[in-house]
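K.L.:
Residue numbers (the working numbering): 336 to 794.
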């Protein structure tokens with residue numbers, strides 16, 4: 336090839352490479368603006384106050400803090416803010432168990448009686464049942480009081496937590512049903528300690544935090560001394576900020592004791608993407624759903640037909656949400672410093688995901704008032720199959736929806752977008768009532784988390 340031809344060829348390559356890079360940068364900048372616009376609106380709407388990280392194909396698109404880290408001190412959340420992550424601890428516990436299986440210290444097929452024989456019916460429960468919430472063990476978190484500082488805010492003996500559930504009869508035969516249960520992961524933490532001879536916290540530091548460089552993650556948030564530490568709020572409204580009770584990590588331990596940052600959790604996401612810590616076979620085991628959509632420490636589901644792995648966390652004053660789309664290499668992490676037991680970041684995470692996938696354009700929903708007589712026509716039971724129903728009730732100008740499905744929504748208010756479509760504030764769900772030619776309400780079309788379902792009216 337002549338020198339002139341070679342020069343022209345190289346110049347062309349440089350041109351196309353620069354053009355492609357410019358297009359990619361423009362895409363990232365445009366996406367970041369859309370995500371930031373949405374989050375700014377979500378903060379104003381009272382749906383979010385915390386730190387976000389969104390990444391695509393190994394590149395961080397947006398990492399930013401929103402709202403107050405501490406309202407009275409007038410300090411703002413930023414990318415270094417530290418939050419308790421609640422049940423988002425569970426995937427870390429599960430991965431430690433799978434790592435111990437890899438090195439021959441235990442097997443997920445072991446009976447619980449081998450490690451904790453004092454648990455009732457331990458000879459019928461495997462470690463796998465604990466991992467995928469099919470043990471039938473009573474969930475001790477159901478008995479945690481909402482506002483008991485004497486219990487919540489001080490160290491509690493491990494045995495006292497155990498006594499809340501180990502002698503109770505099983506709620507179902509192990510392996511036959513799924514029921515999310517913090518007791519399962521509390522026990523897994525104890526098993527980790529018995530097998531290794533180390534504390535649960537030490538094992539997580541050694542196997543996960545240290546190799547991944549997660550230097551801002553740990554346990555015992557209540558005693559953490561760090562300027563990046565956030566303050567948790569039970570109520571967080573423009574004119575009302577109520578502090579949440581401090582939560583001592585000994586109450587939840589391996590089921591929900593961790594704290595972290597978005598940056599550290601992104602290192603965790605990259606480890607998942609690169610199949611680090613575990614072998615590919617063990618990661619596949621973790622992400623294989625057992626009963627319903629839960630695998631070993633992870634929920635596995637789809638949004639817009641795109642597979643994702645997911646876990647969330649919630650305790651007084653805090654919410655967390657971690658989602659990774661393996662086929663798209665997209666990560667969405669949310670850490671929030673207000674919340675209560677029945678609140679979730681599901682809607683915010685879904686909407687951020689939808690923006691990344693060009694499926695959604697954010698707008699703040701403003702509820703409208705619908706006449707009581709019209710609302711009463713919507714009241715009744717609607718069925719999607721023989722066991723899953725949606726119960727609609729009314730009280731004055733307010734409509735309520737309640738699902739009878741296992742782990743379905745509790746009775747919650749739904750708000751009118753117009754006379755036939757209603758939405759839930761804390762869930763990504765819209766319910767549209769459909770009438771027949773005679774004007775009778777015959778069904779509900781539910782748009783939830785990117786899925787469409789039809790509930791037929793039965794009474």
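The beta carbon of each residue, even a glycine, is placed where N, CA and C say it ideally should be.
Remember, predicted model here, so these are calculated numbers, not experimental data.
1. So, helix, strand or coil for residue 357, using DSSP?
2. DSSP puts residue 642 in a beta bridge; with which residues?
3. Name the one or two DSSP bridge partners that residue 405 has.
4. Between the Cα of residue 653 and the Cα atoms of 775, 417 and 496, which residue gives the shortest distance?
5. Shortest alpha-carbon distance to residue 668 belongs to which of 674, 661, 680 and 580?
6. Nearest to residue 659 by CA position, among 392, 386, 364 and 377, is which residue?
7. Decide if residue 615 is buried, meaning its Cβ has at least 16 other Cβ atoms within 10 Å, or exposed.
8. Pull up the distance between the alpha-carbon of residue 465 and that of residue 444, whole angstroms please.
9. Taking the straight line between their C-alpha atoms, what separation do you get for residue 425 and residue 586?
10. Only counting the same chain, and skipping five residues up and downstream in sequence, which positions put a Cβ closer than 6 Å to that of residue 609?
11. Would you check if there are 3 or more beta carbon pairs closer than 8 Å linking the stretch 504-514 to the stretch 467-474?
12. Can you list, in chain order, the residues of its chain whose CB lies under 6 Å from that of residue 751, leaving out five sequence neighbours each side?
13. So, under 8 Å CB-CB, residue 591 and residue 579 are touching, yes? Tell me the CB distance rounded to an integer number of Å.
14. Going by DSSP, what residues sit across from residue 390 in a beta bridge?
15. May I ask you to verify whether the stretch 363-374 touches the stretch 394-414, counting CB pairs closer than 8 Å and requiring at least 3?
16. Can you say whether residue 770 is buried or exposed, counting buried as having 16 or more other CB atoms within 10 angstroms of its CB?
17. Can you give me the start and stop residues for the beta strand (DSSP E) that residue 507 sits inside?
18. How many angstroms separate the CA atom of residue 549 from the CA atom of residue 556?
19. To the nearest angstrom, how far is it from the Cα of residue 378 to the Cα of residue 516?
20. Drop a sphere of 10 angstroms on the beta-carbon of residue 533, count the other beta-carbons inside from all chains shown, and report buried for 16 or more, exposed for fewer.
21. With distances taken between CB atoms, is the gap from residue 447 to residue 428 smaller than 9 Å?
22. Looking at the structure shown, is residue 533 part of a helix, part of a strand, or coil, going by DSSP?
23. What separation, rounded to the nearest whole angstrom, lies between the Cα atoms of residue 727 and residue 718?
24. So what does residue 748 bridge to, in DSSP terms?
25. If you compare alpha carbons, which of 524, 577 and 759 is closest to residue 632?
26. With residue 578 as the anchor, note down where its beta strand (DSSP E) starts and where it stops.
P.N.:
According to the data block:
1. Note that residue 357 scores a pLDDT of 49, beneath 50, so its modelled location is shaky and nothing firm can be said.
2. 637
3. 410
4. 417
5. 680
6. 392
7. exposed
8. 11 Å
9. 14 Å
10. none
11. yes
12. 702, 703, 705 and 757
13. Wrong, their Cβ atoms sit about 15 Å apart, outside the cutoff.
14. 395 and 666
15. yes
16. exposed
17. Note, residue 507: premise wrong, no beta strand (DSSP E); not H, not E.
18. 15 Å
19. 31 Å
20. exposed
21. no
22. coil
23. 11 Å
24. 735
25. 524
26. 575-578
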